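All remarks here apply to the structure that follows.
There are 2 protein chains.
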Amino acid sequence: MTQITDMLDLLQQHKISDLRNILTTMEPADIAILVEEIPEEYVPLVFRILPKELAADCFVEMDPDVQESLIHAFSDKELREVLDELFLDDTVDIIEEMPANVVRRILKNTDPQTRQIINEVLKYPKDSAGSIMTIEYVDLRKNMTVEQAFKRIRAYAIDKETIYTCYVTDDARHLIGIVTARTLLLSDPNALIGDIMETNIIYVDTMEDKENVAKIFDKYDFLALPVVDREGRLVGIITVDDAMDVMQEENEEDFAKMAAMSPIEDSYFKTTVLHHAKNRILWLLVLMVSATLTGLIITNYQTAFAAYPLLIAFLPMLMDTGGNCGSQASTMIIRGMAIDDIGLGDFLKAWFKEIRIALIVGAALAAVNTARVMIMYQDLPLALATSLAMFCTVCIAKSLGVIMPMLAKRLKLDPAIMASPLITTIVDCCSVIIYFTVATKILNI
Amino acid sequence: MTQITDMLDLLQQHKISDLRNILTTMEPADIAILVEEIPEEYVPLVFRILPKELAADCFVEMDPDVQESLIHAFSDKELREVLDELFLDDTVDIIEEMPANVVRRILKNTDPQTRQIINEVLKYPKDSAGSIMTIEYVDLRKNMTVEQAFKRIRAYAIDKETIYTCYVTDDARHLIGIVTARTLLLSDPNALIGDIMETNIIYVDTMEDKENVAKIFDKYDFLALPVVDREGRLVGIITVDDAMDVMQEENEEDFAKMAAMSPIEDSYFKTTVLHHAKNRILWLLVLMVSATLTGLIITNYQTAFAAYPLLIAFLPMLMDTGGNCGSQASTMIIRGMAIDDIGLGDFLKAWFKEIRIALIVGAALAAVNTARVMIMYQDLPLALATSLAMFCTVCIAKSLGVIMPMLAKRLKLDPAIMASPLITTIVDCCSVIIYFTVATKILNI
């Protein structure tokens, strides 16, 4: 916070070179955070103080609304300078967030060749590998020597997002090998790229789901992954930082879905109240209306709880515990599937596991419940009825926690929607039926 | 799956060199998966077929129980060969998973110097930066030339986990700068490291929480991060692949906690039924006993629902909706805090936001409920009573969804425990009280 006040002081006193000295020592991500905090009128000024490359790096880190207002403040020449410094995947990211008039201005200020590539990348579906790749990589030929490769890297590295993995292509741009900078450094300068390159390459298709791309990075610890088109021609690469972003995004989406919400695309505070409400209301309505069914079932047993009003006191406990057991199981299964720890083929294995867990957990909860009821009401039939209902509810809840997410996956739906809220609603229904059936039998109502 | 059958066929027909040819083209992570699927007696054989370096890479990727049985099968010489190939952070990871007798054998077979470093690293707390760092990095001096630096990298790179960021230290091992391989490649061979190194370095202390380390990687897109001791001396580095693992681990922990479970440390199927049950039962018991309170409150209103039995039919709907609204809000707040999007200082801002969302959502749900009750029962007072209770429940649930996680954070507890299950239990209590109070007033019971 003091940093912002310091910065404002320097701005107001026009100590531009002092400010510049401070800013150039900072990381782009930190400058972007500062810039978002200062009054809007100062933003273009601060931006113009920065050295060109740093300015571009900061620009990438800023929120879309700050980027937009900056673009409006830029002259065409300034805009061109910033765009020249950006990596292509970042330009595409920015374009995707901007309104049409800004997009037109951006495209107008990029050279025709870049514009064509941007338009290509924009065509890839939102969740595809193609949409997150960059086309700035170092490509080599197999008849080059290591020395020639270094020469090429030195000549082109400035514009490339990574130089630590180089890609070997043939005349038709087919990907035939990769060489890491480490291998190059450790090889004889006269060695041929074709002899030292790695030919067993893991790559993805442009249409591959970006979630799978993140999984590949997680599994193999890569720094970059090549992207090829249907003919096996290299079209781009994905770097580990973008894979990390995808991974975090997918996790946040799962968190939202598992709490019965549509995922938000922006930060919490940047998303409007109306948008938040819209993201939440659909599932609430569906679940509210579904819960009506449980209510209807209860009304069927009016005579039972008219005769024995205490029965109603156990409803919240049964329903909550059922919901909790179900959401424990479904969370385990949903996450297990998300990280490829559990597959559809493991259905019976997982179910058997949850049933055994349910037997232990159900017995323990039933025992504690029996003790509690005996202490509070000294009513053995009531204790038995509620404990038996509890035990059955736990078993059903854990089973549904396995069945529902795996069924969703089987139907090519996102398993994450089969989480706590939906499971709870279904378990409620079951537990009420079991409870009243058991209770009316045992208590002879 | 065919791969496993192929592999078994080759093994049974003793076609060792064919098998070797196939395996050497594969990624270590994939070989490890294969090895875990084949019968145990073949594992040491397959392992011995692999070239030394690949064997070590596979070993790192295997599950701890496979590693343990392999270590038992190894001669001391074999064990030493594998350990020699491992990076130090991987050795430490393996040691942390092994029983004491295996640890002793591992330590016995490492050279004294490595053993000392391993013991140092093992002393760092489980969640600290020190526990996940590696000590294999390239260090340079500022009076070296770029050419000398390359010579040093070439001489030492084989043993180093990354050579893409080099660390410049002074005589007392203080970290004074970093140089990337990219900078080295783009600099004049005679340039001095001191002139081209970056001196504004982001680093962490050995005791820093590894969750913060992962956040730093996410924010700055680093490939490696230096770790220093209290005196600012460089002691190790953390690489991006380890940061990704930490990030995924922390997410899985949050998923588990938010579903009222203790996180499991192993995979779903590797964790025993008893262990799963133990991880789940505590919260279930706490929540079950807490739900008793809601039951007690309900019994207080026996006369009300004896006079108007239909009232009970609305309990599941109210309780479920309250729980869902609360868990939506708490998930947003918990995740917002986890990714540093929401801070404790934003409390009033977040609450105000949730209240406005609650007004919209509550009004919509109340309207739908009114319509439904009028259609089903043509009972306006009942419709008003339930809708008003619904509206109030939504507002309280959304408020608690903000208050509880932020209170937990304020008390230095993990906000993730204030998720759906706990919020639901608290909201249940509140909604029952509101419901019966409103209903008895409006319906004149």
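Respectively, the protein sequence lines represent chains A and B. The numbering of the first sequence is the numbering used here, which starts it at 1 and goes up by one. The numbering of the second sequence is the numbering used here, which starts it at 1001 and goes up by one. Yeah, the Cβ is synthetic: ideal placement off N, Cα and C, and Gly gets one too. Quick caveat, the model's predicted, so the values are computed rather than measured.
Original post:
Whose CA, out of Leu1045(B), Pro1051(B), Asp1090(B) and Lys1052(B), lies closest to the CA of Ala1073(B)?
Top reply: Leu1045(B)
Original post:
Residues of chain A with CB under 7 Å from Val1361(B), in chain order?
Top reply: Ala277, Arg280, Ile281 and Leu284
Original post:
My guess is that Asp1320(B) and Thr180(A) are in contact by the Cβ rule of under 8 Å, so how many angstroms apart are they, rounded?
Top reply: About 54 Å separates the two Cβ atoms, so there is no contact after all.
Original post:
Which word fits Ala307(A), buried or exposed, when buried means at least 16 other C-beta atoms lie within 10 angstroms of its C-beta?
Top reply: exposed
Subject >> Coarse secondary structure for Gly236(A), derived from DSSP in three states >> reply: strand
Original post:
Out of curiosity, what's the CA-to-CA distance linking Met7(A) and Arg48(A)?
Top reply: 15 Å
Original post:
Under the DSSP definition of a beta bridge, which residues are partnered with Cys166(A)?
Top reply: Val179(A)
**OP:** Take every Cβ of the region 1151-1165 of chain B, pair it with every Cβ of the region 1243-1263 of chain B, and state whether three or more of those distances are shorter than 8 Å.
**Re:** no
Subject >> Residue range of the beta strand (DSSP E) that includes Leu225(A) >> reply: Ala224 to Val228
Original post:
Which one of Ala1032(B), Lys1077(B) and Gly1401(B) has the shortest CA to CA distance from Asp1063(B)?
Top reply: Ala1032(B)
Original post:
The alpha helix (DSSP H) with Lys1108(B) in it runs from where to where?
Top reply: Ala1100 to Lys1108
Original post:
Quick one: what does DSSP say Gly72(A) is sitting in, helix, strand or coil?
Top reply: The amino acid at residue 72(A) is misidentified as Gly; the sequence shows His. Here His72(A) sits in helix by DSSP.
Original post:
For Lys210(A), which of Asp254(A), Asp242(A) and Ala277(A) has the nearest alpha-carbon?
Top reply: Asp242(A)
Original post:
Can the beta-carbon of Asp341(A) be found closer than 9 Å to that of Phe1255(B)?
Top reply: no
Subject >> Cβ separation of Glu120(A) and Thr239(A), assumed to be a contact under 8 Å, to the nearest whole Å >> reply: At roughly 19 Å, the Cβ-Cβ gap does not stay under 8 Å, so Glu120(A) and Thr239(A) are not in contact.
Original post:
Closer than 8 Å, Cβ to any Cβ of chain A: which residues of the region 1287-1305 of chain B, in chain order?
Top reply: Leu1287, Met1288, Val1289, Ala1291, Thr1292, Thr1294, Gly1295, Leu1296, Ile1298, Thr1299, Gln1302 and Phe1305
**OP:** Flag Tyr268(A) as yes if its beta-carbon sits less than 9 Å from any beta-carbon of chain B, otherwise no.
**Re:** yes
**OP:** Check each candidate in Met1207(B), Thr1206(B), Thr1024(B) and Ile1201(B) and name the one with the smallest Cα separation from Tyr1220(B).
**Re:** Ile1201(B)
Subject >> Residue range of the alpha helix (DSSP H) that includes Ile403(A) >> reply: Leu380 to Arg410
Original post:
Near Ile106(A), what residues of its chain come up, given a Cβ to Cβ distance below 8 Å and the 5 sequence neighbours on each side ignored?
Top reply: Ile71, Leu79, Leu83, Thr91, Ile94, Ile95 and Met98
Subject >> Proximal chain B residues relative to Val368(A), where beta-carbon distance stays under 8 Å >> reply: Leu1285, Met1288 and Val1289
Subject >> When Leu11(A), Ser267(A), Gly323(A) and Ala277(A) are compared against Met460(A), the one with the closest alpha-carbon >> reply: The question about residue 460(A) has no answer here: the residues shown for chain A are numbered 1 through 445.
**OP:** For the region 1370-1384 of chain B, enumerate the residues whose C-beta is nearer than 9 Å to any C-beta of chain A, in chain order.
**Re:** Arg1372 and Met1376
Original post:
Along the region 216-240 of chain A, what residues have a CB closer than 8 Å to any CB found in chain B?
Top reply: Phe217, Asp218, Lys219, Tyr220, Asp221, Leu223 and Val240
Original post:
Mapping DSSP to helix, strand and coil, what is Met1007(B)?
Top reply: helix
Original post:
Among Leu1359(B), Ile1442(B), Leu1315(B) and Ser1290(B), which one has its Cα closest to the Cα of Ile297(A)?
Top reply: Leu1315(B)
Original post:
Using a C-beta to C-beta distance shorter than 8 Å, which residues of chain A count as neighbours of Pro1405(B)?
Top reply: Within chain A, no residue comes near Pro1405(B); the closest Cβ sits about 12 Å away, beyond 8 Å.
Original post:
Got a sec, what are the start and stop residues for the alpha helix (DSSP H) Arg1154(B) sits in?
Top reply: Val1146 to Tyr1156
Original post:
Alpha carbon to alpha carbon, what distance is there between Arg141(A) and Lys1499(B)?
Top reply: Here chain B has residues from 1001 to 1445 only, and residue 1499(B) is not among them.
**OP:** Give the residues of chain B in contact with Ala260(A), contact being defined as C-beta atoms less than 7 Å apart.
**Re:** Asn1324 and Gln1328
**OP:** Could you tell me if Thr1199(B) is buried or exposed, where buried requires 16 or more neighbouring beta carbons within 10 angstroms of its beta carbon?
**Re:** exposed
Subject >> Leu1344(B), buried or exposed, once every other Cβ within 10 Å from all chains shown has been counted against 16 >> reply: exposed
**OP:** Give the range of the alpha helix (DSSP H) segment to which Pro415(A) is assigned.
**Re:** It is not in any alpha helix (DSSP H) - Pro415(A) carries neither H nor E in the DSSP assignment.
Subject >> Continuous beta strand (DSSP E) assignments of at least 3 residues falling wholly in the region 1231-1311 of chain B >> reply: 1234-1239
Original post:
With a CB to CB cut of under 7 Å and the five nearest residues on each side skipped, what residues in its chain are close to Ser1387(B)?
Top reply: Ala1366, Asn1369 and Thr1370
**OP:** Indicate whether the contact test is met: 3 or more Cβ pairs, each with one atom in the region 129-137 of chain A and one in the region 181-194 of chain A, closer than 8 Å.
**Re:** no
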